[in-house]
Structures are given as C-alpha cells and as structure tokens.
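Inspection log for the structure reproduced underneath, given as structure tokens.
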Amino acid sequence: MAKLTKKQKEALSKVDKNKLYTLVEASALVKEITNVKFDASVDIAVRLGVDPRKANQMVRGVVTLPHGTGKDVKVLALVTPDKEAEATEAGADYVGLDEYLEKIKNGWTDVDVIITMPSVMGKLGPLGRVLGPRGLMPNPKTGTVTMDVAKAVAEVKAGKIDFRVDKTGIVHAAIGKVSFSEDKLADNAKELLDTLNKMKPAAAKGVYMKSIYLSSTMSPSLQLDPKGV
C-alpha cells in the first residue's frame, strides 16, 4: 500500500469517519481537505435503494445546477444546415452533421455532450457502439434530442447535467469545483438531491437514499446524513 503524504495524513485527520455531516459542513470541509495543485472537481455519490436491473426502478434524469459545474462543457450539435446558425450562436463548440458522423465513426469522441434533432437520430443508430459506452448518445429524456437546439445548447452550457443510476445502484455526479464557495457547492448538491428525491420509483421499497458521499479529486470522502438533506 502506498505511503500517505504529510498533506494526505493531515486531510484524513480532519475527517471524522463516524460522523454524518450536514451538506453545509461537508461543503466547507471538502474545500479544506483538498490539496491538489489544480481546481479539483467536487463529486457526489448517492446510493439508492433501487434495483436498476428492473425497468420500473431505473432512475435517470436531468438537473440544472444553479451555479453550473465550473467545467467548460464541449458541445457537439449534429444538425441540418438550417439549424447550424442557431446552434453556433447558442455556444456549441462543434456544429455540423455528415463530417462529424464520419469522425465519430472513426473513433473521435472529444466532446462532453451531443445535441441533435429527431430527424438525425436515424443516422446515429449505427454509432451506438461508439457513443453508448461513453454516455454520449443523445436521448429525448435528457433533452438532447430536440427541435429547439439553441435552448438545449444554452442549458448545457449553463450547467444542465444528466445523471443515471449505475448497475450497482449509485448515482455519480460532478457538482462543481473546489474553487466554488461552500454555499455554491451546497446549493448545487441540494438541487441534485432534491431532484433525485422527487424521482423515487413507485416500485422501490424501503429506504430510498441509503448513503451519500461528497468528495473532491483525491480527497477523502465525507459521508452525509441522508435525513438532513
């Protein structure tokens, strides 16, 4: 096992493993225990009491974080020529159709979100094996397949993220950067948690939010009190 550095030991000493932190406490402490030289991402992991193998217990949705993610999200708009201008004006980083479909076919996936139109989805089907595993396949449920391309691009740029429960029942999401104030981190986390709470499947029995952890890149995890969020 790798030896802990002095800073890592110091960070661990500030974390009470037996304590369930409030959202405000954890948002302040995660900033204090992060000791990397870059602006680290702050992530939340929520274990849900659902069985994601059952379609009626799949939790998937979108949320607009009030203070954004702090990340410059690269957006590809796969649109017909008549929609190119509005996608560009809304802030899409890449705009086009056939040339980008060919690039994706050859393995290019250097984007964070792909937004497209219903009429284009048929062309994306054959690229599912490339886009699916990377979470890049557009989906009407997350607002990335739409005729209002400009609105979709603007929302993603402003901090709209999509989330889904993984096969182990956990939702992972980045909710900001360590440079954010503790209030902004807490606001973003609360927005996501409130959204998740509203999405409890009727088929899910027992405790819905089993555990919540907040951490940053390479920091110890802080366990939150699910009843206090």
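Per the numbering used here, the sequence shown runs over residues 26 to 254. Note that beta-carbon positions come from the ideal geometry of N, C-alpha and C, so glycine has one too. Bear in mind the structure is a predicted one, so any value in this text is a computation, not a measurement.
Check: Residues sharing a beta bridge with Gln248, DSSP; Outcome: Tyr238
Check: For Leu156 and Met162, the rounded distance between their alpha carbons; Outcome: 5 Å
Check: Bounding residues of the beta strand (DSSP E) (the contiguous stretch that carries Leu210); Outcome: Premise fails: Leu210 lies in the alpha helix (DSSP H), 207-223, not in any beta strand (DSSP E).
Check: Cβ separation of Thr220 and Gly86, assumed to be a contact under 8 Å, to the nearest whole Å; Outcome: 6 Å
Check: Spatial distance of Ala51 from Ala65 (CA atoms); Outcome: 15 Å
Check: Through-space distance from Ile195 to Val71, alpha-carbon basis; Outcome: 5 Å
Check: Candidates Val136, Val138, Thr169, Trp133: closest to Met146 by CA position; Outcome: Thr169
Check: Bridge partner(s) assigned by DSSP for Val89; Outcome: It should be pointed out that residue 89 corresponds to Thr in this sequence rather than to Val. Beta-bridge pairing links Thr89 to Lys185.
Check: Within 8 Å, strictly: CB atoms of Thr89 and Ala198; Outcome: no
Check: Sequence-distant residues of the same chain with beta carbon closer than 8 Å to Leu54, five excluded per side; Outcome: Lys39, Val40, Tyr46, Leu247
Check: Segment limits, beta strand (DSSP E) that includes Leu257; Outcome: Because the chain here runs from 26 to 254, residue 257 falls outside it and cannot be looked at.
Check: Sub-8 Å separation of Leu217 and Ile237 beta-carbons; Outcome: no
Check: Burial state of Lys148, where buried means 16 or more other Cβ atoms lie within 10 Å; Outcome: exposed
Check: Leu249 burial status per 10 Å Cβ neighbour count (16 or more: buried); Outcome: buried
Check: Residue(s) in a DSSP beta bridge with Glu200; Outcome: Here the sequence assigns Ile to residue 200, which means Glu is not the residue at that position. In DSSP, Ile200 forms no bridge with anything.
Check: DSSP three-state assignment for Thr193, whether helix, strand or coil; Outcome: coil
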